[in-house]
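Engineer: My questions will all concern the structure given below.
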Amino acid sequence: MVNIEAHAYDVVVIGAGGAGLRAAIEARLAGKKVAIISKSLFGKAHTVMAEGGAAAAMGNVNSNDNWQVHFRDTMRGGKFLNNYRMAELHAKEAPDRIWELETYGALFDRTKDGKISQRNFGGHEYPRLAHVGDRTGLELIRTLQQKIVSLQQEDKAKFGDYQARIRVFAECTITELLLEGTGAKKRIAGAFGYYRESGEFVVFEAPAVVLATGGVGRSYKVTSNSWEYTGDGHALALRAGAKLINMEFLQFHPTGMVWPPSVRGILVTESVRGDGGILKNSEGKRFMFDYVPDVFRKQYAETPEEGDRWYTDPDNNRRPPELLPRDEVARAINSEVKAGRGTKAGGVYLDIASRRPAAEILKRLPSMYHQFKELADVDITAQPMEVGPTCHYVMGGVEVDPDTASAGVPGLYAAGEVSGGMHGSNRLGGNSLSDLLVFGKRAGEYAASYTDELAARPKIDDTQVAAAVEAALSPLTREGGENPYTLQSDLQDVMGTLVGIIRRKGELEDSLRQLAELRERIQKVGATGGRRYNPGWHLALDLRNMLVVSECTAKAALEREESRGGHTREDFPKMSATWRKVNLICSLSTEGGVDLAHQPIPTMTPELLGLFEQSELAKYMTEEELS
Amino acid sequence: MTVRQFKVWRGDESGGQLNDYQVEVNEGEVVLDIIHRLQATQEPDLACRWNCKAGKCGSCSMEINGMPRLGCMTRMSTFEEDETITVTPLRTFPVIRDLVTDVSFNYQKALEMPAFAPPKDVEPGEYRMQQVDVERSQEFRKCIECFLCQNTCHVVRDHEENKLAFSGPRLFIRAAELDMHPLDARGDRKEIAQQQQGLGYCNITKCCTEVCPEHIKITDNAIIPMKERVVDRRYDPLVVFGRKILRRDQLTSTAVAEPAVHSGPVTVAEGAAPVNFSRPLSGPPGPEVNAAGHVNLNEMLSDRAAAASPFGDDITFPVDPKTLNYYHPGGADH
């Protein structure tokens, strides 16, 4: 019999990024005993990569800003497919969540009158992003990390133990959620996982689990995401009986570095464009003016001169088209490269060097400068960058109740990138940091109150634990199993070439066939070596999660016959008002395959509808909805 | 594409050895790319931490040819074509396996350090700070916690016995950050650094600054100012009080009308010593600094053999009572 360490907590938070930490703080403040489970060391989560800022309508820079405007921008960005209630809550609560961070010790950049400074960003009507240079994500994670430490110090003072009420399980991976009961009575009972360091197993007995595991980007070769982004939370939710929504919508950040390889996939923040950077093709043409879609024509400059004036006089000029929403810019770059006007490495040029003095670039984009100088010996104050679309964010995710973040299975909650609906078909820059704060807090709050209402704690079923142990050990015991690195690389090839930024029916069908073959091969994956810190084994266990979320993406992408936000079908290039009314829902069939279903999207309340002009709604909605 | 020679340490806490590998290297790659290729092609269970591969998370700390570095920020082009590249785990922390070490020391020290203390009467949303004031702390908040500074610091590098009393450069910049935070409600950050974190162990060799991938001036901007102010504050209660109520730029010029060290008004007996309680006070002179504005901490550069006088080197004893704001309760005879 294998040795299994056992713990009991009220709330187990899986994931130690912004959403997870915020949820843990909230649950602890509600008096619960909380475990934070992190695949990496504490404080290394992917949230540190966020550069631009956190969107919140505080109105510090432009007092015209308010939650209604932010809501409108979010819905427009998501092409009206967003869960309106989530977008509403997000816009309303984001400022409070940001201000709260200051009481935890965060130091945002300031305006002249000492308030939190806010910067312009693609798709946001007013300067709205609270920021710290270009390392806002790091500030956020460090602030939350230090708040947790401060709560642990309070607990030490009260109970004599730092870990009395919050404990961080670093380098620990959850492979299964444990459930009690079946059918309608099914509820969360705990979670099973292993310590990466020792390979030892661990069981958490807990009535409530918050998923905050981030995204799925590791299924793609060119990605800004770290190795952790293997869709664990998506897959755990599916296996627990929850549903995924909108999985076809993946955001490809328009400006990832494509050359040199040491920085391939790494993001060049949108602020480079917000601060004056422009996109040029290999012929030296500033091409974005040719790609402004009709729905945005009114808000964007028509000439380079007007665009240039906007940086200093935004009230009387319209913004340059480089600041269109991410999906538009990504598509434009893709078209230029496909038309043969790209660089050798398959990108276009992003030029700020010729537009701003070196000193100003250094001041405004210090870590960007530093990053490329050190990582790739590229001097962004002297030469243009080579950029192209890189897989960045998944809009789709676990279907949750907007108010409570509940994932449908009693006791299961999801927040941050792993949840779906908030961003619709396309996320605006800056909305992810505020999303994870707003819904991280809600998930923690409602997970805590759920445990209050329980008559009895659920019991862990030992057969589930035994099955989880067997599944976890199987790659190590399998003789002559296939190399996990090869399998991952093959999976990335399928997703990159067949389910990439521009999609076609034939290719998507092909991808499903190839994913089915990969499913067979992944069941026979093997790992050499022992259980102690063995990355090959860890990858082997992650592969099945990557596979199932890839299948969801491919299936939903094939089903949705329109182009919208992060989903572009070459064979259906137009946005369709009928498709807007449909959410695609993925669930797991009894045989373990992916089932796909249509579900109508919730109808926006008249008050919220009233925030838009009828003429704008007409671009998105059917005749029937408008009348 | 070329094939290059690598030596990578493999083993665990019971011991290990440097293994030789020949690995493909392409133009524009970094050491972490090569470690990944090694995992994918030759050693699938080679343990190595990494996350962002963009110099932002501080996970892939290792020693490359003996230098503490981030694997993702060490370009292969910085080595000679025929150079053998040796990759070993961080030396200061116990090895778990291969390139992965147990860095829990750093988290324990962070846990023991008093957290940010929010000002009591300022509501969320009402925090007001000037950019110039937050920038000083922001420099230290750039820290990505790669722990290379902790690893290179010779106070603990080969001195396990110092770990109990010494928090290390990472936590000194955290102390400096909170000390310089415009709204932190605690006034004793420097004392904590001195008394609980072992700031005094540091003798300013600047190794930590040298290895910092974020180029934080750990020694010059955090450790030295903390040391200097610990020295002058430790002996002067007036400065302690002044710092609580004044901004730094007001400290030297503003005189205190009533000596603040006394509580309440003092009555002077008739015919007693002519004490002027309202005499403007200058701050303590502080230790002598060199051209760069730093204390001469090296005795070779100082003009005297011992430490500087805590009362300032230009004061001779006994002092003339007329220059003091002190009235001996026993009267003029004392």
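As you go down the protein sequences, you meet chains A and B in turn.
Count along the first sequence starting at 1, add 24, and that's the number in my numbering.
Count along the second sequence starting at 1, add 1448, and that's the number in my numbering.
Beta carbons are placed, not taken as given, at the ideal position from N, Cα and C, and that holds for glycine.
In whole angstroms, give me the CA-to-CA distance for B/V1548 and B/L1494.
Structural biologist: The straight-line gap from Cα to Cα measures roughly 10 Å.
Engineer: B/P1630 and B/I1666: beta carbons closer than 8 Å?
Structural biologist: Against a cut-off of 8 Å, the Cβ pair of B/I1666 and B/P1630 comes out as no contact.
Engineer: Is there a Cβ of chain A sitting closer than 8 Å to that of B/G1783, yes or no?
Structural biologist: Given a span of 1449 to 1782 for chain B in the structure shown, any question on residue 1783 of chain B remains unanswerable.
Engineer: Taking C-alpha atoms, which residue in A/G205, A/L536, A/N107, A/V85 lies nearest to A/F95?
Structural biologist: When only C-alpha atoms are compared, the closest one is A/N107.
Engineer: Cβ closer than 7 Å: which chain B residues qualify as neighbours of A/Y186?
Structural biologist: Under the 7 Å cutoff, chain B gives L1559.
Engineer: Identify every run of the alpha helix (DSSP H) within the segment 1567-1644 of chain B, keeping only runs that are complete inside it and at least 4 residues long; order them along the chain.
Structural biologist: Counting only runs of 4 or more, we get 1579-1589, 1596-1600, 1602-1605, 1617-1628, 1637-1643.
Engineer: Using the rule of at least 16 other Cβ atoms within 10 Å of the residue's Cβ for burial, across every protein chain shown, is B/A1705 buried or exposed?
Structural biologist: Here B/A1705 scores only 38 on pLDDT, less than 50, and its place in the model is too uncertain to base an answer on.
Engineer: Using C-beta distances below 8 Å, list every residue in its chain close to A/V572, excluding the 5 sequence neighbours before and after it, in chain order.
Structural biologist: Cβ within range, chain order: G255, H258, A259, L262, L612, V618.
Engineer: If distances are taken between C-alpha atoms only, which option among B/P1572, B/R1589, B/E1574, B/E1608 comes closest to A/V156?
Structural biologist: The candidate whose alpha carbon is nearest that of A/V156 is B/R1589.
Engineer: Within 10 angstroms of the Cβ of B/F1765, are there 16 or more other Cβ atoms? Answer buried if so, exposed if not.
Structural biologist: Exposed, because fewer than 16 other Cβ atoms sit within 10 Å of the Cβ of B/F1765.
Engineer: Once DSSP output is grouped into helix, strand and coil, what is the label at A/D534?
Structural biologist: Helix, per DSSP.
Engineer: Under three-state DSSP, which class holds A/I404?
Structural biologist: Reduced to three states, the DSSP call for A/I404 is coil.
Engineer: Within 10 Å of its beta-carbon, does A/R556 have 16 or more other beta-carbons around it, so buried, or fewer, so exposed?
Structural biologist: Under this definition A/R556 is a buried residue.
Engineer: Find the residues of chain B that neighbour A/F66, judging by a C-beta separation of less than 8 Å, and give them in chain order.
Structural biologist: Per Cβ cutoff of 8 Å: Y1555.
Engineer: I'd like to know whether the C-beta of B/Q1645 is nearer than 8 Å to at least one C-beta of chain A.
Structural biologist: So, not an interface residue.
Engineer: Is it the case that the segment 353-365 of chain A contacts the segment 1460-1477 of chain B, given that we only count it when at least three CB pairs across the two stretches are under 8 Å?
Structural biologist: Touching, no, given that fewer than three Cβ pairs across the two stretches are closer than 8 Å.
Engineer: When the Cα of A/E410 is compared with those of A/D427, A/L522, A/A382, A/T367, which residue comes out closest?
Structural biologist: Among A/D427, A/L522, A/A382, A/T367, the Cα nearest to that of A/E410 is on A/T367.
Engineer: Between A/M392 and B/G1503, what straight-line distance do the alpha-carbon atoms span, to the nearest angstrom?
Structural biologist: For A/M392 and B/G1503, the distance between alpha carbons rounds to 11 Å.
Engineer: Mind checking who B/C1505 pairs with in its DSSP beta bridge?
Structural biologist: Answer is none; B/C1505 lacks a bridge partner.
Engineer: Do you know how far the Cα of A/T510 is from the Cα of A/S574?
Structural biologist: Whole-angstrom Cα-Cα distance: 17 Å.
Engineer: Give the secondary structure of B/P1673 by DSSP, where H, G and I count as helix, E and B as strand, and everything else as coil.
Structural biologist: Correct three-state label for B/P1673: helix.
Engineer: Tell me the DSSP bridge mates of A/A78?
Structural biologist: For A/A78, which the question treats as bridged, DSSP gives the partners A/A154.
Engineer: Counting Cβ pairs closer than 8 Å, one from the segment 178-187 of chain A and one from the segment 199-206 of chain A, do we hit at least three?
Structural biologist: Touching, no.
Engineer: Can you tell me whether A/C415 is helix, strand or coil according to DSSP?
Structural biologist: Strand, per DSSP.
Engineer: Listed in chain order, which residues of the segment 1533-1547 of chain B have Cβ atoms closer than 9 Å to some Cβ of chain A?
Structural biologist: Those would be I1544, R1545, D1546, in chain order.
Engineer: Whether or not the segment 232-246 of chain A and the segment 417-425 of chain A are in contact is what I'm after, with contact meaning three or more pairs of Cβ atoms, one per stretch, closer than 8 Å; do they touch?
Structural biologist: In short, these stretches touch, since the Cβ pair count reaches three.
Engineer: What residue does the alpha helix (DSSP H) around A/N358 start on, and which one ends it?
Structural biologist: Its alpha helix (DSSP H) spans residues 350-362.
Engineer: At the 8 Å Cβ level, is A/D517 part of the contact set with chain B, yes or no?
Structural biologist: Chain B contact via Cβ: absent.
Engineer: Which term fits A/Q170, buried or exposed, when burial requires 16 or more other beta carbons within 10 angstroms of its beta carbon?
Structural biologist: So A/Q170 ends up on the buried side.
Engineer: Can you say whether B/I1763 is buried or exposed, counting buried as having 16 or more other CB atoms within 10 angstroms of its CB?
Structural biologist: The residue is exposed, with fewer than 16 neighbouring Cβ atoms inside 10 Å.
Engineer: May I have the straight-line CA-CA distance separating B/R1458 from B/A1488, to the nearest angstrom?
Structural biologist: About 16 Å.
Engineer: At a cut of 8 Å, does the segment 551-566 of chain A reach the segment 523-538 of chain A through at least three beta carbon pairs?
Structural biologist: Segments in contact, no.
Engineer: In angstroms with no decimal places, state the Cα-to-Cα distance between A/S600 and A/G147.
Structural biologist: The straight-line gap from Cα to Cα measures roughly 21 Å.
Engineer: Using the Cβ count rule (16 or more neighbours within 10 Å means buried), how would you classify B/P1722?
Structural biologist: Any reading at B/P1722 must be qualified, since the residue scores a pLDDT of 49, below 50, and its modelled position is unreliable; the value itself is stated next. Burial call: exposed.
Engineer: Determine the direct distance from the alpha carbon of B/T1526 to that of A/I609, and round the result to whole angstroms.
Structural biologist: Straight-line Cα distance between these residues: approximately 50 Å.
Engineer: Using 8 Å as the Cβ pair cut-off and three pairs as the minimum, do the segment 124-142 of chain A and the segment 1563-1572 of chain B touch?
Structural biologist: Touching, yes, given that three or more Cβ pairs across the two stretches are closer than 8 Å.
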